[in-house]
Each structure stands twice: as structure tokens, then as C-alpha cells.
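Under the numbering used here, the first residue of the sequence shown is numbered 4, with each subsequent residue one higher.
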Amino acid sequence: MAEQLLPGGFVNRVVRDGDTVRREPGDRAEFVHSLLRYFERDGWIGAPRFLGVDGQGREMLTFLDGYVAWQSPTDRVSSAGSLAEVARLVRQFHDLTAGTPLAGDQEVVCHNDLSPKNTVYRDSGDGLRPFAFLDWDIAAPGARIHDVAHMCWQYLNLGPAVDDLVATSHRVRLMCDAYGLADRSRVVETILWWQDRCWRGISAGAEAGDAAMAALRASGAVRSVRAAYDWVLAHQAEIEESLA
4 MAEQLLPGGF VNRVVRDGDT VRREPGDRAE FVHSLLRYFE RDGWIGAPRF
54 LGVDGQGREM LTFLDGYVAW QSPTDRVSSA GSLAEVARLV RQFHDLTAGT
104 PLAGDQEVVC HNDLSPKNTV YRDSGDGLRP FAFLDWDIAA PGARIHDVAH
154 MCWQYLNLGP AVDDLVATSH RVRLMCDAYG LADRSRVVET ILWWQDRCWR
204 GISAGAEAGD AAMAALRASG AVRSVRAAYD WVLAHQAEIE ESLA
């Protein structure tokens, strides 16, 4: 079977070869490979298996068949049941890594790029539900709130496209409830932290000559994320009230 280019990201070229995925290793490849091996040893099925490196120096991962929401809108994966299951999956790998050498002196290992574009969904009869997370390239030790906030931002598409603030604020609460997050006082401020960090990181990378970041900037990503930041900041009080 000829290699098939998979859609998805600006940062890396990913191809499917039979039942495997091939991609260039990231800067944190050693840590990521250790993390994926840990998930495999524990029997957690929410991530691809690391199979080694091929003759071209590309990492080999298992191909996880299912639906990936590469493009917006993501209506097919935005049901309450789907959103709650995303949060439960995040809680699973957080709990698995808490207190391990992989987490170091931090609470857990964070994925740091949770979004529908990095999620595999399957339908078992009650609509699409998340099954596994892809693209662990920037996984690192961190605080639970970091992934929870990024999750709420990305899966709820928090920004100017929101047409019902009340319903969306309740969905932020739904995801925090499903995760089991006890302290919600920093959720919105951490969403803002992510958004600010994201657009600044893209801009800095593009200015430094990083081709992937330059492509993201050219696509309008900086403008889009800054608009999302402004929207969340303007509605911070209302969202926090729903979490209180």
C-alpha cells in the first residue's frame, strides 16, 4: 500500500502506511516515546502505541481508525455526552501519570494540545464519542488546570463564533464537572493564559524563521487567537459565574 498523506497540521507531515502512522520525531521525542510506552504497559488505550523508528528515521505509531474533526465546525462532536467523555479521558491519563517519574515534580503529565483535531472519535450507537488523543509531541509535566483550560477553549471553540454565551458557559461547567475539577477559580484565567501564549508563540516563531509558525501566521491563526482572547476577556465574569 502506498503511503497516504493524512490531513491535519501545519507543524508536521504525517502519513499512513498500512496500519501504521509515520512522522518526523518532535523535539521531545524521547519523553513522548517513554510516555506512550507507559500508557501501553498500563493498558490505557487512549493514545497510539509507539512501534519504533523506520529506516527514514521517522517514528512509527499505530493507526487509530475513526473520525477526526480536522476542520471546523465540529458540530458532530459537540454533544454533551461527547464533551463529558473528553473530560473523563483527560482525567484518566492525568490520574495515570500523577506521582510518576514522568510527571517529575508536577501534578501530572499534560498533553498541552487537546482539541477535536487531535482526537479520534467512534460511534458505538449513541453518536460520536472520543476514543483516543493524537499528537503528544508537546506533552510535558504540568498542572491539571492547564489541560482542563485548554480543553474548554478548544472543544467549545471559545471566541467570537459563540452564539449562545449562557449555553456555552454551562458547557464549560459540564466539562469541569465531568473531569471532577474541584477548584474552578483559575479556569478562565488559564484559558486566557493559553490564548495569549499561543498567539505570541506563533508570532515569535514566525519572526524567527520557523516555517510551520510562518504558515500558521499566514493562515490567520494569530488574528483568530487574539480575537478569541478578547472575547473570553470580555465575557470572563459571566463564564466564571457559571463555574461558581
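Positions of the beta carbon are idealized from the N, C-alpha and C atoms, including for glycine.
Being a predicted model, the structure only gives us computed values, none of them experimental.
{"Asked": "CA-CA distance, residue 164 and residue 71?", "Found": "21 Å"}
{"Asked": "Determine the burial state of residue 159: buried for a count of at least 16 other Cβ atoms within 10 Å of its Cβ, exposed for fewer.", "Found": "buried"}
{"Asked": "Please classify residue 241 as buried or exposed, where buried requires at least 16 neighbouring CB atoms within 10 angstroms.", "Found": "exposed"}
{"Asked": "Assuming the contact rule is C-beta atoms closer than 8 Å, residue 169 and residue 246 should be a hit. Round their C-beta distance to whole Å, please.", "Found": "Not quite, the Cβ-Cβ distance comes to about 13 Å (not below 8 Å), so this is no contact."}
{"Asked": "Rounded to a whole number of angstroms, what is the C-alpha to C-alpha distance between residue 30 and residue 138?", "Found": "13 Å"}
{"Asked": "Does residue 53 come out as helix, strand or coil in the three-state DSSP assignment?", "Found": "strand"}
{"Asked": "If we ignore side chains and look at the alpha-carbon of each, how far apart do residue 108 and residue 102 end up?", "Found": "8 Å"}
{"Asked": "How would you label residue 15, buried or exposed, when you count the other beta carbons within 10 angstroms and need 16 or more for buried?", "Found": "exposed"}
{"Asked": "For the beta strand (DSSP E) containing residue 135, name the first residue and the last one.", "Found": "131 to 136"}
{"Asked": "For the alpha helix (DSSP H) holding residue 91, just list the boundary residues, first then last.", "Found": "83 to 100"}
{"Asked": "By the DSSP assignment, the alpha helix (DSSP H) with residue 103 in it spans what residues?", "Found": "Counting along the chain, residue 103 falls outside any alpha helix (DSSP H), and DSSP gives it neither H nor E."}
{"Asked": "Measure the Cβ-Cβ separation of residue 2 and residue 62 and say whether it is below 8 Å.", "Found": "Any question about residue 2 goes unanswered here, given that the chain covers just 4 to 247."}
{"Asked": "Closer than 7 Å by C-beta to residue 173: which residues in its own chain qualify, once you throw out the five before and the five after it? Chain order, please.", "Found": "245"}
{"Asked": "Out of curiosity, what's the CA-to-CA distance linking residue 243 and residue 23?", "Found": "43 Å"}
{"Asked": "Have a look at residue 236 and residue 230 and give me their C-alpha separation to the nearest angstrom.", "Found": "10 Å"}
{"Asked": "Which word fits residue 140, buried or exposed, when buried means at least 16 other C-beta atoms lie within 10 angstroms of its C-beta?", "Found": "buried"}
{"Asked": "Jot down the residue ranges of each uninterrupted alpha helix (DSSP H) in the region 181 to 213, minimum 4 residues, whole runs only, in chain order.", "Found": "190 to 210"}
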